[in-house]
Amino acid sequence: MREFKILAVVVFFTLLVYVGVEPFAHSQMHAHVEGHDFVYDGTADIEEANTRVEKTKEALEKAKERLTEVQSIENSPQEDLVKAQDAVTKQENALAKAEETVTHKKSFWANVASIAQLDVNITNGEMSFGTCIACHNGAGINMGGVIPPNLDRIGSLYDKNYLIALIKDPAMASNVDHKYANTMMHPMGSVMAMVTSDQQIADIVGYIMQNKVGELEPKAAFEEACVRCHAVRYAKVTQLGDTPEFKEEKDALAHKIKVLDEQALVEAYMGKLPPDLSMMIRARSPHYMETFVENPQTQLPGTSMPRVGLTKENYEKVKTYLEEVGDPSKPAREAIGPWVILFFVVFTILAYLWKKSQWKDLH
Amino acid sequence: MSSRRDFMGMALGGFSALGGLAALYAMKRSWDPLPSVKAAGFTTVDLSGAQENVLNVEKWRGKPIFILKKSADMPADERDVLVGSDRFLIAIGLCTHLGCIPAYLPDQEIFHCACHGGQFDASGREIFGPPPSPLVIPPFKIDGTQLVLGEEGPEYIKMKEAGVIA
Amino acid sequence: MAHFDENAKPFSNQWLNDRLAIDTVKRVLSTEYWIPKNINFLWAMGMILAATFGLLVVSGIFLLMYYKPDANLAFDSVNYTIMSEVGFGWLWRHIHGVAASVVFLIIYIHMLTGIYYSSYKKGRELIWISGMLLFVTFSAEAFSGYMLPWGQMSYWAGMVITNLFEGGSLELTGLVEWIRGDYVPGDAYLMRFFMLHVLLLPLVIIGLIVFHFASLRLPHVNNQEGEEIDFEEAARLYKEDKKKESKVIPFNPVFLSKDIFVMGVYFILFFFLVFYNFDFAMDPVNFDPADGLQTPTHIYPEWYFLWSYEILRPFPKDPGLIAFLIAQVIFFLLPFIDRSSNVAPAHKRGLFVIWFWVLVVDMIALTVLGKLPPEGMFNTLGTVAAIIFLLMWPILFVITKFEKKL
């Protein structure tokens with residue numbers, strides 16, 4: 004009995020340490036981010052904009068307090084007064100802008116929702132879709148920072164609401180509008196001048212959802228959604244797609260230079276070269292990955308990574324692919340694990356019986 | 066009683082040995098060549114540009130491979146590899162004595178190994194010195210004018226059955 | 407001159423006895439190495455440590471075959487070659503990573519057992535000191551091994567820990583650069599820590615293990631009551647088959663049979679961690695390649711270093727370093743700070759039992775606080791816990807001085 008008491012003490016303190024340094028410490032280090040189950044209706048964006056309003060209000064309060072403080076001191080230097088006054092003005096402007104963003108986002112996503120309700124004309128949609136092909140031509144030429152993706156299967160890959168929003172205003176849809184003074188500056192911003200009516204958007208998306216569909220393997224889903232910006236060196240995938248086999252070193256180097264050029268363009272557009280995703284599946288927790296891909300701003304506020312608008316099903320495919328590359332031992336681990344544990348359970352039972360036979364005459 | 070004691074100890078020992086065997090298997094697998102090494106075990110050579118009586122040496126799995134297009138006056142041999150109407154010697158370029166690389170002497174149409182003086186004719190058969198057997202023919206496949214080293218094609222299998230590859 | 411039986415068959419028992427005295431060796435180290443009978447499963451921690459060290463060596467050998475100690479290649483040689491190309495490479499890596507973490511849990515249990523049962527004094531001082539030397543060498547081994555995958559945590563841990571050698575206001579920048587062989591952790595640094603990890607430190611550890619075992623042979627293992635046993639008398643009884651009356655058992659096979667049972671239980675837990683819960687020992691942040699231009703948002707040592715890290719953190723630079731140094735060496739002095747001559751379990755030693763549990767709780771508090779972000783309340787608690795830890799030692803001196811003799 005005494006041994007069980009001692010064991011209980013040891014187990015208790017061990018678990019205490021474990022809970023303290025693992026679940027508890029991590030809950031304190033990372034703010035919890037709520038996912039939206041890959042529904043793109045603007046809820047998250049409006050929440051975010053509201054939070055910014057709250058924060059700006061707080062900053063404004065502080066600036067005002069500081070101003071009162073400076074004013075209350077007799078003979079406070081003129082420059083302090085000016086500084087405090089400027090700070091207040093700055094925060095007032097920021098607040099006005101933040102409030103405007105909230106209104107703008109609300110009306111934008113309300114508009115997206117209403118477009119989704121419109122009756123569609125597929126034939127008109129097909130005609131308007133021709134506009135897209137001018138850039139999305141499959142030539143693999145970088146335009147404004149990235150190579151415009153192939154559109155053949157986007158109806159299967161992306162969410163319908165997201166596609167509507169994307170044609171309406173690409174920067175707003177991908178939640179990177181903070182990067183642009185005018186969202187027309189987005190590499191795909193010109194679509195806003197080319198497709199102007201809500202009905203036209205509805206028709207194009209209707210056409211896409213009906214005709215631009217197809218079965219996507221995990222690798223294909225990943226390559227179409229992520230590889231414009233991210234490389235995966237363990238799978239020999241670069242921003243230019245799969246790396247071919249070269250017999251001559253000269254050809255291999257020439258290809259490498261092409262990759263470096265493309266990476267330089269992506270880097271110029273994104274601010275820094277997006278990370279290689281080879282090991283990402285082990286470097287981030289599943290929850291982080293999911294919420295990050297759904298809406299990058301939630302986990303990394305201010306990041307230049309756009310929201311890509313994957314459906315839940317296709318996110319799972321992306322995850323599967325990243326697991327195949329970054330954690331290829333998972334199937335083997337899961338297959339062997341139970342046998343090893345079983346082995347040691349039997350081992351322990353046999354060892355117990357041996358111990359019992361050895362200790363039989365001792366007491 | 067003491068027999069029961071021994072029995073449990075031995076049962077435990079035997080069971081642990083099973084686990085040991087499993088661990089040894091895992092260790093053995095860790096020593097195996099990597100998949101990337103195995104995948105690199107195939108080399109393709111284009112034979113269309115080959116010239117008669119000029120030795121071409123290719124590297125395959127780290128070893129030199131002799132490729133010699135035979136001229137008309139060289140005697141035919143069952144070890145000849147036919148590509149269209151051309152006859153080729155295809156062999157691992159390591160002397161069957163102790164593994165040095167023989168040099169080809171085009172005027173005498175023989176391979177001469179400088180290490181211990183072994184000689185082979187243009188069909189790769191040993192003709193002088195210590196080598197105990199002809200130059201070894203590596204697994205190959207003929208695909209048009211392409212030679213794929215590392216893969217067993219029908220010509221190679223036929224030679225293997227005839228017992229002439231080494 | 408020894409007598410050699412000329413008629414003994416080569417490699418027969420007699421032949422080997424003449425040359426190696428195998429029967430004597432077996433008797434001294436195994437069948438007549440007497441261990442007290444009055445023990446509990448905590449006495450198995452030594453053999454569990456030996457087994458875990460064995461696992462570390464074996465898995466390490468297989469990792470060594472494909473690891474490349476080069477700042478440009480290390481990360482991929484671990485995460486690509488070993489994890490996805492080498493047959494069962496992932497298994498060796500997970501065993502190695504989990505064992506490196508769990509071995510410290512067992513070391514701490516082993517140490518605290520020694521403290522609880524007063525197994526560090528009256529002839530057992532060298533066991534304690536050699537054990538502490540092993541603890542310090544294992545720490546160095548763990549740290550150097552942590553550098554090898556060359557991920558973000560490796561790099562930044564290397565940066566921060568080597569900076570400690572600057573010595574605060576002493577500003578020994580030269581020393582830091584000498585340790586690194588570079589201005590920052592780089593290729594030279596990785597190579598020398600690789601050498602330490604796979605050669606020099608393992609050699610030292612093996613030597614210390616031999617020393618640790620040797621220092622145990624004469625004073626013998628302690629028992630649950632701290633009773634001074636007449637081992638010769640007890641051994642005589644055992645050999646006369648009066649096993650019930652004897653207070654001892656032979657190391658082999660009786661003591662070992664219990665050790666192996668406890669080991670079995672431990673291995674179930676161990677391999678559960680290897681297959682299903684390895685993230686605690688293989689920090690996800692370290693799966694980002696080392697980047698000297700970007701510090702991760704949160705950096706923290708592995709859990710087993712957290713308590714001493716937390717003693718460093720709440721103080722200003724210089725006092726922090728001094729406190730840290732004290733934390734590193736103070737346990738060595740335990741046999742000499744404890745002034746009482748009692749060898750008994752803590753619950754029979756009056757105030758000592760309170761001291762013991764306060765120490766345990768304080769070290770756990772330091773461990774948890776060491777991982778939390780140093781902000782607000784956590785900072786205050788950390789400072790309090792660190793000060794308590796430092797005060798524990800003069801307090802121990804006083805309470806043991808006035809401890810009643812049992």
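Chains as they are written, first to last, in this note's numbering: chain G, 4 to 366; chain S, 66 to 231; chain X, 407 to 812.
Using N, Cα and C, we set each Cβ at its ideal position, and we do this for glycine too.
Please list the partners that residue i has in chain S, where partner means a Cβ-to-Cβ separation under 8 Å.
{"i": "Val492 (chain X)", "result": "Ser95, Leu99"}
{"i": "Pro659 (chain X)", "result": "Gly74"}
Using a Cβ-Cβ distance under 7 Å, would residue i count as near chain X?
{"i": "Met66 (chain S)", "result": "Summary for Met66 (chain S): the model assigns pLDDT 41, below 50, so the residue's position carries little reliability, and this model does not support an answer."}
{"i": "Ala76 (chain S)", "result": "no"}
{"i": "Gly23 (chain G)", "result": "yes"}
{"i": "Ala231 (chain S)", "result": "no"}
{"i": "Trp357 (chain G)", "result": "yes"}
{"i": "Ala104 (chain S)", "result": "no"}
{"i": "Gln300 (chain G)", "result": "no"}
{"i": "Pro219 (chain S)", "result": "no"}
{"i": "Ala87 (chain S)", "result": "no"}
{"i": "Pro26 (chain G)", "result": "no"}
{"i": "Pro331 (chain G)", "result": "yes"}
{"i": "Gln242 (chain G)", "result": "no"}
Does any residue of chain S bring its CB to less than 7 Å from the CB of residue i?
{"i": "Ala11 (chain G)", "result": "no"}
{"i": "Phe803 (chain X)", "result": "no"}
{"i": "His41 (chain G)", "result": "A quick correction: the sequence has Phe, not His, at residue 41 (chain G). Output row for Phe41 (chain G): interface = no."}
{"i": "Phe132 (chain G)", "result": "no"}
{"i": "Phe346 (chain G)", "result": "yes"}
{"i": "Phe468 (chain X)", "result": "yes"}
Name the one or two DSSP bridge partners that residue i has.
{"i": "Gly557 (chain X)", "result": "X:Pro695"}
{"i": "Asp111 (chain S)", "result": "S:Gln211"}
{"i": "Leu170 (chain S)", "result": "S:Ile175"}
{"i": "Gly244 (chain G)", "result": "G:Thr241"}
{"i": "Asp151 (chain S)", "result": "S:Val148"}
{"i": "Asn121 (chain S)", "result": "S:Ile132"}
{"i": "Asp186 (chain S)", "result": "S:Ile175"}
{"i": "Lys206 (chain S)", "result": "S:Val213"}
What does residue i reach in chain S if we use C-beta pairs closer than 7 Å?
{"i": "Val349 (chain G)", "result": "Phe80"}
{"i": "Ala47 (chain G)", "result": "Chain S residues near Ala47 (chain G): none, gap ~43 Å exceeds 7 Å."}
Can you pull the chain X neighbours of residue i, defined as C-beta to C-beta under 7 Å?
{"i": "Phe16 (chain G)", "result": "Val766, Ile770"}
{"i": "Ala354 (chain G)", "result": "Ile666, Phe667, Gly670"}
{"i": "Met92 (chain S)", "result": "Phe468"}
{"i": "Val340 (chain G)", "result": "This sequence places Gly at residue 340 (chain G); Val is not what is there. Per Cβ cutoff of 7 Å: Phe681, Tyr682."}
Assuming the contact rule is C-beta atoms closer than 8 Å, residue i and residue j should be a hit. Round their C-beta distance to whole Å, please.
{"i": "Glu716 (chain X)", "j": "Gly776 (chain X)", "result": "3 Å"}
{"i": "Asp44 (chain G)", "j": "Ala116 (chain G)", "result": "7 Å"}
{"i": "Pro171 (chain S)", "j": "Cys160 (chain S)", "result": "About 18 Å separates the two Cβ atoms, so there is no contact after all."}
{"i": "Ala477 (chain X)", "j": "Leu554 (chain X)", "result": "Not a contact, Cβ separation roughly 11 Å."}
{"i": "Ile175 (chain S)", "j": "Phe153 (chain S)", "result": "With a Cβ gap of about 17 Å, Ile175 (chain S) and Phe153 (chain S) do not count as contacting."}
{"i": "Gly557 (chain X)", "j": "Ala696 (chain X)", "result": "6 Å"}
{"i": "His500 (chain X)", "j": "Val680 (chain X)", "result": "5 Å"}
At a CB-CB cut-off below 9 Å, which residues of chain G make contact with residue i?
{"i": "Trp440 (chain X)", "result": "Per Cβ cutoff of 9 Å: no residues; Trp440 (chain X) is ~13 Å from chain G at best."}
Between residue i and chain G, is there a C-beta pair that is closer than 7 Å?
{"i": "Gly84 (chain S)", "result": "yes"}
{"i": "Trp761 (chain X)", "result": "no"}
{"i": "His704 (chain X)", "result": "yes"}
{"i": "Trp449 (chain X)", "result": "no"}
{"i": "Asp476 (chain X)", "result": "no"}
Going along chain X, which residues have a C-beta under 9 Å from residue i?
{"i": "Arg5 (chain G)", "result": "Asn446, Gln630"}
{"i": "Tyr324 (chain G)", "result": "Those do not exist, as Tyr324 (chain G) stays about 14 Å from chain X at its closest Cβ, beyond 9 Å."}
{"i": "Asp172 (chain G)", "result": "Here the premise fails: no neighbours, minimum Cβ distance about 32 Å."}
Using a Cβ cut-off of 9 Å, pull out every chain S residue sitting near residue i, in sequence order please.
{"i": "Met471 (chain X)", "result": "Ser95, Trp96"}
For a contact defined as C-beta to C-beta under 8 Å, what are the partners of residue i on chain X?
{"i": "Met224 (chain S)", "result": "Result: empty, since nearest Cβ-Cβ is about 33 Å, beyond 8 Å."}
{"i": "Met308 (chain G)", "result": "Those do not exist, as Met308 (chain G) stays about 16 Å from chain X at its closest Cβ, beyond 8 Å."}
{"i": "Ala234 (chain G)", "result": "Simply none; closest approach about 13 Å."}
*Name the residues in the segment 764-794 of chain X whose C-beta lies less than 7 Å from a C-beta of chain G; which are they?*
For the segment 764-794 of chain X, which is checked against every Cβ of chain G, the residues closer than 7 Å are Val766, Ile770, Thr773, Val774, Lys777, Leu778, Pro779.
_the segment 536-560 of chain X: positions lying closer than 7 Å to chain G by Cβ_ = Cβ contacts with chain G come from no residue of the segment 536-560 of chain X.
*Residues, ordered as in the chain, of the segment 492-515 of chain X that lie near chain G by beta-carbon distance below 7 Å*: Look at the segment 492-515 of chain X: the residues with a C-beta under 7 Å from a C-beta of chain G are Trp496, Leu511, Ile515.
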